[in-house]
Structure formats: C-alpha cells, structure tokens
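First up is the structure itself, then whatever we jot down about it.
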RNA sequence: GGCCCCAUCGUCUAGUGGUUAGGAUCCAUGGUUUUCAUCCAUGUUACCGGAGUUCAAGUCUCCGUGGGGUCACCA
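Residue numbers (the working numbering): 20 to 482.
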C-alpha cells in the first residue's frame, strides 16, 4: 500500500508551495488506494505556534484534502526518538561529542581560511582520551567515510552524492537532548510506514543524511520524489513576500478550492494537453513520473482563467451558496436566476461576482462622466420619457423579453437606432456603460425600481 | 566557494532521433453583442550557446553559459 505524507513545520500559514506538494502526495496515495497522513514537525519550540498548526489543518479542510488517521505531532514523540538514540549509542553507531560550540566555530573558521569544506572531523568518533571537565555533549551519528550515497528519485532519476563531498558525523541530538531534523524525519517516516516521500527539491541535499539514519537503524528506504520549486517572478524561491501565498488568502480573494487545486496540479505536472481536471480526474490521472523536472514560475493569470471558467460552469444553486460566504444573500431575490446567469460570465472570482452584483442592485449615486457624454445626446430625454410612459402603463412585466419588447416599440415608433435608447437607459439604470443586457437588468430590478431610477435620471440630468 | 538540480513561446506546458515544434494562458485583430462580458475565428512569440555521435538532434554525449537549491546544536 502506498503511504504518503505531508509534514509541515507550524511556523506560519500553509503556503502555495507546501499545498502543491501536499496535493501531489494526496493524489498519489488516493490513486493507489493508499493513505495520506499528516505530521506536524513541531520540534522547534521557539518558532512554532499552535495557531499555525490549526491554520494548516483548517486550510486542508477548506480544500477538501482529508488526511487519513490521526495527526502525528513530533513534539509528543520524544520518548521514541530517545529510544533510537540510545540504541545507536549502544550499538556504537553514534557517539557523544564534547566539542564546544566555540571550538567548532574555530574549526570552521580555519577550514574556511584554507578554502576547505566546513565539516566536523570526527574528533570524538573513536575517542579514548580524557573527557573535558563538565563539558556538555551532543550526539553524533557515525556517517560513512567514503563511497557514494545514491538517492533513488522518481523525478530526478538516481542522484549520486560522493560521501566525502557532503557528509560528516552530523548531530542527531542537541546538547539539551532534543533530536534534530534529519534524524527524526527518517525515524518518523519509517515508523509511520511512509514508503513514498513527495516533497520539495530543497530537501534533496538533506536526503543522504536521512539515508544514513535509515541504514543505521535498519529501516527500509522509501521512494523519493523531489518536486521542483515554485519560483516568484524574480526566479527565486517563493517566499512570504510574494503576495497572497497564504492558502487561506485565496479563499478571502474569492477563489474556489476547485480552481486553486486545478491551478496547482498543473503547475509542474501535466497530462498531455489537458487543462481542466475535476478532483476525481486528478486522482485518476496523477502520476509523479509526469512531474516536470524544472522549476516553474508562479503567475496568477491561469488561476484567474480557471476561476472564471469554474464560475461560469457552476450551477446557480451552488453559486448562491458559495456567495453567501462572502456576505451576499440572494435567497429572497425573486430574479436571482437571471442575476446569476448574467453575472457568472462576467466575474473571475466570487468576490468580484459579489461586487458586480452589488453594483447592479444598488441605486447609482452618480452617473459616469464619459458614459453620460455619450448617452445624453440630443433628444435623449424624449426617448426616455416615451419609454417611461410605456413602462408605467405596462401590465405584465417579468422576464427580460417583456422589457425588451417595450424598448423595441420605442425604437420602432420613434424610428431611431437601438443605441439611442440603450445608452441613456443604461446610464439611468446603473450609472455607467457595461454590464448585462438592459432587459435583464430591468427584469432583475423589477418594474417599480426601474421606474424610480428612470425618473431620477430624467429629473436630475439636463439636456 | 563546495555539492546537487534544472534549461521549449512572456507564463504554464506537450514532445523520449525524422513534427509545418502542438495545446493553454496572456496580448492583438476580427465576428457575435444596443454596452460590457461570454463565445467563436485569426494572428504575433520558443527549442540558452558551442562542439560531438548519427543519414537525421529540441530529443543522446561532452564542454560552456545562465538560473535555482543546499551547505546549522532551523525544519
């Protein structure tokens, strides 16, 4: 069974890059009928916050990415790590190192002066001399001193590291006894049965260290997939300064989970020429072997297109439910269907859609200058008055077509073009150019409101 | 700097030795529309450079160049 995981450290919100690797992990697990588990890497007490952990879980909930089983918190597993540290100590695969931070710093400085790679040289690796009086110690693992470590990676292929280029006896437990990242990651992944690790390729150079731990403990090494980074428009690793990278900000901005997920799944992954993927299709079609090897640049053009696409293709019932989350209640509006039909082709996000709807529904407080110039030309008030008369005497006015007929009558009787009535009428109704068809607008507003706006316009505009 | 990864339109990408290098987005133009949007059509734009292998290279090899990542008692 395929078991994948997402293992964020709760130092902040869930960002778009993390979400993408989580999505990939989720899809791959589900495609194989396996499990997707969540582990919170909260061993750094100084930088963690509980609120961040809650926020991350909340984001997953919004997106519908459910994790399997209980969430694992590393902070609650100290005993487990301690057991393995003791085991390695007993087996002579790890040892206590009494080198002080100052001594280490000095070592590093002299190595840098000689332009050598900075590394711990194993002073206490097989130490039999006198232990410094009252010295603190860290625990270091015995790394291999020569040879190669090969990371089998499903995206990059086999990545070969030469041990003497990259390894030393790295610390697995700090002087306060707490275990370090590369040590606990390997243990947790192994113990949690994770056999396919999908993560950002900024972890690729950590992987040899983790393999050292796997091997020391006799654990099975999982399959790795190191997903290329998402870069900002400067070509750098995406950071918190690059705008709305908090996943929950996308909700605030009116993007739906569906469009965000579709956007992310196509960033670095593809399935031929297909652009639109339902959640079910993603699960069915996703395969990490189709992940691109190169980094991609984050750019919201496509997200906006997807968002608009999904809004257009969402039912009105669903749309009005979604819109309620943004404070727009349409359930009491008798022409909500027409309103939604007209607006869904004109909005890229739910927030924009709400704003567009608000603009139609609220009485215009002023008439756009440019639009007025075009609209209020010779004879406009006569046209509108004629239309007003017809409007007031009309009996059954419900659908856009009912209003359209009235406009047609005016046009025919006065022998004018449609623009002659369309322009001033539009400005009277919504105060500016653009927007849905006038017949629809009036049907949405209703007879009384339409008359009100018409009279206000005729009364206030000169010409 | 050491090590590692990467390199096709502005952007997301297809492409696994023989293609007019395809799709999407963006942009522009035209059509539809009383306006706007949608929709439809059309168009501009790409294989980082140099060697090599081969009858044939975007595709394989090498060397450059460029970009990125990583080198902690952070994760």
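Each residue gets a CB set at the ideal place from its N, CA and C atoms; glycine is no exception. Computed from a predicted model, the values in this text were never measured in an experiment.
(request) Entirely within the segment 126–202 and at least 3 residues each: give me those beta strand (DSSP E) ranges in chain order. (result) Those beta strand (DSSP E) runs which fall completely within the segment 126–202 and span 3+ residues are 157–160, 167–172, 176–181, 190–192.
(message) Along the chain, where does the alpha helix (DSSP H) containing residue 79 start, and where does it finish?
(response) As a working note, residue 79 is residue 60 in the first chain. Taken as a continuous stretch (DSSP letters only), the alpha helix (DSSP H) holding residue 79 covers 69–82.
(request) Output yes or no for whether 9 Å exceeds the beta carbon distance between residue 205 and residue 238. (result) Translated into positions along the first chain, residue 205 becomes position 186. Translated into positions along the first chain, residue 238 becomes position 219. Taking 9 Å as the Cβ cut-off, residue 205 and residue 238 qualify as a contacting pair.
(request) Would you identify the three-state DSSP class for residue 296, choosing helix, strand or coil? (result) The residue given as residue 296 occupies position 277 in the first chain. Looking at residue 296 - three-state DSSP - the assignment turns out to be coil, as it is neither helix nor strand.
(message) Check this for me: beta carbons of residue 315 and residue 287, under 9 Å apart or not?
(response) Residue 315 sits at position 296 when you count from the first residue of the first chain. Residue 287 sits at position 268 when you count from the first residue of the first chain. In this structure, residue 287 lies closer than 9 Å to residue 315 by Cβ.
(request) With a threshold of 16 other CB atoms inside 10 Å of the CB of residue 86, please say whether the residue is buried or exposed. (result) Numbered from its first residue, the first chain carries residue 86 at position 67. Residue 86 comes out buried.
(message) Can you list, in chain order, the residues of its chain with a C-beta nearer than 8 Å to that of residue 24? Leave out the 5 residues immediately preceding and following it.
(response) Here the question's residue 24 lines up with position 5 in the first chain. For residue 24, where only same-chain residues beyond five positions count, the Cβ hits under 8 Å are 44, 55, 56, 57, 58, 208, 211, 213, 216.
(request) Please say whether residue 450 and residue 384 have beta carbons closer to each other than 9 Å? (result) Here the question's residue 384 lines up with position 365 in the first chain. Here the question's residue 450 lines up with position 431 in the first chain. Contact flag set, yes.
(request) List the residues that DSSP assigns as beta-bridge partners of residue 59. (result) Within the first chain, residue 59 is the residue found at index 40, counting from 1. 92.
(message) By the three-class DSSP mapping on this structure, what secondary structure does residue 334 have?
(response) Taking the first residue of the first chain as 1, we reach residue 334 at position 315. DSSP places residue 334 in coil when its eight states are reduced to three.
(request) Between the Cα of residue 371 and those of 349, 357, 342, spot the shortest distance and give me the residue it belongs to. (result) On the first chain, residue 371 is found 352 positions in, with the first residue counted as 1. Of the candidates 349, 357, 342, the residue whose Cα lies closest to the Cα of residue 371 is 342.
(request) Would you mind giving the Cβ-Cβ distance between residue 376 and residue 347, rounded to the nearest angstrom? I have them listed as a contact below 8 Å. (result) Position 357 of the first chain, counted from the first residue, corresponds to residue 376. Position 328 of the first chain, counted from the first residue, corresponds to residue 347. Yes, residue 376 and residue 347 are in contact; Cβ-Cβ is about 6 Å, under 8 Å.
(message) Looking only at its chain, what residues have a beta carbon closer than 7 Å to the beta carbon of residue 308, apart from the 5 residues adjacent to it on each side?
(response) The residue labelled residue 308 in the question sits at position 289 within the first chain. Contacts found: 173.
(message) Taking 8 Å as the cut-off, does the segment 458–471 touch the segment 355–370 (at least 3 CB pairs, one atom from each stretch)?
(response) Output reads yes: the segment 458–471 touches the segment 355–370.
(message) Residues in the same chain with beta-carbon distance under 7 Å from residue 302, minus the five sequence neighbours each way, listed in chain order, please.
(response) Indexing the first chain from 1 puts residue 302 at position 283. Cβ neighbours of residue 302 beyond the five flanking positions: 46, 49, 50.
(message) Less than 7 Å between C-beta atoms, sequence neighbours within five positions excluded: which residues of the same chain meet that for residue 168?
(response) On the first chain, residue 168 is found 149 positions in, with the first residue counted as 1. Same-chain partners within the cutoff: 180, 182, 227, 230.
(message) Taking contact to mean 3 or more Cβ pairs, one atom from each stretch, closer than 8 Å, check whether the segment 72–88 and the segment 260–274 are in contact.
(response) Yes, they touch.
(request) Identify which residue in 428, 83, 203 has its Cα closest to the Cα of residue 60. (result) Numbered from its first residue, the first chain carries residue 60 at position 41. With respect to the C-alpha of residue 60, the residue from 428, 83, 203 having the closest C-alpha is 203.
(message) Rounded to the nearest angstrom, what separates residue 246 and residue 42 at their Cα positions?
(response) For the purposes of this step, residue 246 is identified with residue 227 of the first chain, where counting begins at 1. For the purposes of this step, residue 42 is identified with residue 23 of the first chain, where counting begins at 1. Using only the alpha carbons, I get a separation of about 12 Å.
(request) Indicate whether residue 279 and residue 322 have their beta-carbon atoms separated by less than 9 Å. (result) For the purposes of this step, residue 279 is taken as the residue at position 260 of the first chain. For the purposes of this step, residue 322 is taken as the residue at position 303 of the first chain. Yes, Cβ-Cβ distance for residue 279 and residue 322 is below 9 Å.
(message) Using a Cβ-Cβ cutoff of less than 6 Å, which residues in the same chain neighbour residue 277 once the five nearest sequence positions on both sides are dropped?
(response) As a first step, residue 277 must be located in the first chain, where it is residue number 258. Only 329 meet the Cβ criterion.
(request) Tell whether a beta-carbon distance below 9 Å holds between residue 139 and residue 126. (result) The sequence position of residue 139 within the first chain is 120, counting from 1. The sequence position of residue 126 within the first chain is 107, counting from 1. It is a contact, given that the beta carbons lie within the stated cut-off.
(request) Can you check DSSP and say which residues form a bridge with residue 113? (result) Working through the first chain from its first residue, we reach residue 113 at position 94. Answer is 160.
(message) Here's the rule I'm using: 16 or more other beta-carbon atoms within 10 Å means buried, otherwise exposed. How should residue 529 be labelled?
(response) Shown here, the chain extends from 20 to 482; a query on residue 529 therefore has no answer.
(request) Classify residue 382 as helix, strand or coil using the three-state DSSP reduction. (result) Residue 382 sits at position 363 when you count from the first residue of the first chain. In the structure shown, residue 382 sits in coil (DSSP, three-state: anything other than H, G, I, E or B).
(request) Provide the residue(s) that pair with residue 24 in DSSP beta bridges, ordered along the chain. (result) By 1-based counting over the first chain, the position of residue 24 is 5. According to DSSP, residue 24 bridges with 56.
(message) Please list the terminal residues of the continuous beta strand (DSSP E) segment that includes residue 219.
(response) In the first chain, counting from the first residue as 1, residue 219 sits at position 200. Where residue 219 is concerned, the enclosing beta strand (DSSP E) starts and stops at 215–219.
(message) Using a Cβ-Cβ cutoff of less than 6 Å, which residues in the same chain neighbour residue 36 once the five nearest sequence positions on both sides are dropped?
(response) As a working mapping, residue 36 is identified with position 17 in the first chain. Excluding residues within five positions, the ones whose Cβ falls inside 6 Å are 249, 257.
(request) Along the alpha helix (DSSP H) that carries residue 290, what are the first and last residues, could you check? (result) As a working note, residue 290 is residue 271 in the first chain. Where residue 290 is concerned, there is no enclosing alpha helix (DSSP H), because DSSP gives it neither an H nor an E.
(request) Could you check the C-alpha separation between residue 412 and residue 429 for me, to the nearest Å? (result) For this step, residue 412 is matched to residue 393 along the first chain. For this step, residue 429 is matched to residue 410 along the first chain. Each residue's alpha carbon lies about 14 Å from the other.
(request) For residue 340, count neighbouring C-beta atoms within 10 Å of its own C-beta (all shown protein chains included) and say buried if the count is 16 or more, exposed if not. (result) For the purposes of this step, residue 340 is identified with residue 321 of the first chain, where counting begins at 1. By the neighbour-count criterion, in which a residue is buried when 16 or more other Cβ atoms sit within 10 angstroms of its Cβ, residue 340 is exposed.
(request) Grab me the residues of residue 472's own chain with a C-beta within less than 8 Å of its C-beta, minus the 5 sequence neighbours each way, in chain order. (result) Mapped onto the first chain, residue 472 falls at position 453. Counting only Cβ-Cβ distances below 8 Å, and skipping sequence neighbours, we find 382, 383, 447, 448, 464.
(request) Could you tell me the distance, in whole angstroms, from the CA atom of residue 142 to the CA atom of residue 99? (result) Here residue 142 is taken as the residue at index 123 of the first chain, counted from 1. Here residue 99 is taken as the residue at index 80 of the first chain, counted from 1. One C-alpha to the other measures close to 28 Å.
(request) Name the two residues that bound the continuous beta strand (DSSP E) containing residue 244. (result) Position 225 of the first chain, counted from the first residue, corresponds to residue 244. Residue 244: member of the beta strand (DSSP E) spanning 242–246, first to last residue.
(request) Label residue 218 either buried or exposed according to how many other C-beta atoms from any shown protein chain fall within 10 Å of its C-beta, with 16 as the threshold for buried. (result) If you number the first chain from 1, residue 218 lands on position 199. Label assigned to residue 218: buried.
(request) Look at the alpha carbon of residue 283 and the alpha carbon of residue 261, and state the distance between them as a whole number of angstroms. (result) Against the first chain, residue 283 aligns to sequence position 264. Against the first chain, residue 261 aligns to sequence position 242. Rounded to whole angstroms, residue 283 and residue 261 show a C-alpha spacing of 16 Å.
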